[in-house]
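Report on one structure; see the data block that follows.
Protein chains in written order, with UniProt numbering: chain A, 1 to 141; chain B, 1 to 141.
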């Protein structure tokens with residue numbers, strides 16, 4: 001039996017799809033699922049809001065606007081599970097729940113800001129493209 | 001009736017939520033919907049694959065792996081509608097369908113590569129966080 005150096009082993013593992021890094025092009029890698037979760041619009045909004053600091057549930061809800069409380073709760077729970085935020089409950093009346101970005105959550109601010117900027121910058125071109133596409137479809141093409 | 005310079009008008013429109021740029025924090029702005037669509041994992045994979053050049057449907061499907069043809073078709077149709085890709089059909093036997101990134105689609109490569117890199121780099125921390133969260137929940141907390 002040959003003992004391999006850890007680096008070598010890592011490299012071999014990588015080739016079998018168990019890399020130290022994830023691989024989006026490996027269907028079995030959880031990266032795909034996580035990508036869907038961080039690209040979700042509510043997650044994006046929460047990350048951007050919490051980049052300013054800790055916020056309560058009620059503040060997040062008010063700043064986001066038109067989000068069902070249940071959906072926001074599910075989003076926050078999933079973000080907590082993914083290690084992006086921490087949740088702190090204070091036994092006040094009414095009870096106060098604070099949300100804060102973790103270090104991992106902080107590292108997501110820049111990537112998310114870049115994709116949000118892209119969306120805000122290009123939204124008019126996208127809407128124009130949609131109208132043009134829909135017009136073609138209506139035309140029976 | 002006062003005639004306003006176009007710029008002034010744009011600025012006023014902006015204040016009423018019809019800005020020249022989108023606004024993620026305006027619930028009525030289509031930017032939110034579009035953000036969900038470009039953050040979708042299949043869209044991300046298609047943009048990354050097409051960044052190398054034109055591809056056929058069958059190639060995209062093979063490179064992505066484990067995507068239902070129907071889901072890939074819907075993804076591509078939505079991307080075409082959003083102006084991110086063009087679709088060209090060639091009357092061959094069997095028929096060939098080519099997909100190519102538009103200029104708008106090209107501008108999305110960098111933002112998407114940044115978020116994908118983030119996901120691939122941090123996937124292990126996320127999976128660890130998930131396990132730790134689930135263990136706490138199982139513990140009856």
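Every residue, glycine too, gets a C-beta built ideally from N, C-alpha and C.
Treat the numbers as computed from the prediction; the structure is a model and nothing was measured.
- Annotation for residue 97 (chain B): the continuous beta strand (DSSP E) segment containing it runs 96-101.
- The C-beta separation of residue 111 (chain A) from residue 118 (chain B) comes to about 5 Å, placing the pair in contact by the 8 Å criterion.
- Residues of the region 33-48 of chain A whose Cβ lies closer than 8 Å to any Cβ of chain B, in chain order: 33, 34, 35, 36, 38, 39, 40, 41, 44, 45 and 48.
- Using a CB distance cut-off of 7 Å, residue 111 (chain A) counts as an interface residue toward chain B.
- In this chain, residue 44 (chain A) is not harboured by any beta strand (DSSP E); it is covered by the alpha helix (DSSP H) spanning 41-50.
- For a cut-off of 8 Å, the C-beta gap from residue 46 (chain A) to residue 76 (chain A) is around 7 Å, short enough to register as a contact.
- If you look at residue 128 (chain A), you'll find it isn't in any beta strand (DSSP E); it sits in the alpha helix (DSSP H) that goes 109-138.
- Contact between the region 61-71 of chain B and the region 79-88 of chain B is not established, with fewer than three Cβ pairs separated by less than 8 Å.
- For residue 71 (chain A), the enclosing alpha helix (DSSP H) stretches over residues 69-81.
- In summary, residue 39 (chain A) is buried, with 16 or more beta-carbon neighbours lying within 10 Å of its beta-carbon over all protein chains present.
- With a threshold of 16 other beta carbon atoms within 10 Å, residue 50 (chain A) meets it and is buried.
- Taking 7 Å as the cut-off, the beta carbon of residue 63 (chain B) is found no closer than this to the beta carbon of residue 72 (chain B).
- When DSSP states are grouped into helix, strand and coil, residue 59 (chain B) belongs to the helix group.
- Interface annotation for the region 78-92 of chain A against chain B: 80, 81, 82, 83 and 84, criterion Cβ-Cβ distance under 9 Å.
- Note: residue 88 (chain A) is bridge-paired with A:98 in the DSSP secondary-structure output.
- Interface with chain A (7 Å Cβ-Cβ cutoff): residue 135 (chain B) is excluded.
- Interface annotation, residue 30 (chain B): in contact with chain A, CB-CB separation under 7 Å.
- Taking a beta-carbon distance threshold of 7 Å, residue 131 (chain A) does not count as an interface residue toward chain B.
- Residue contact check for residue 72 (chain A) against chain B: no CB pair falls below 7 Å.
- Neighbours of residue 23 (chain B) across chain A, judged by C-beta separation under 7 Å: 120.
- The closest CA to that of residue 130 (chain A), considering only B:26, B:30 and B:135, is found on B:30.
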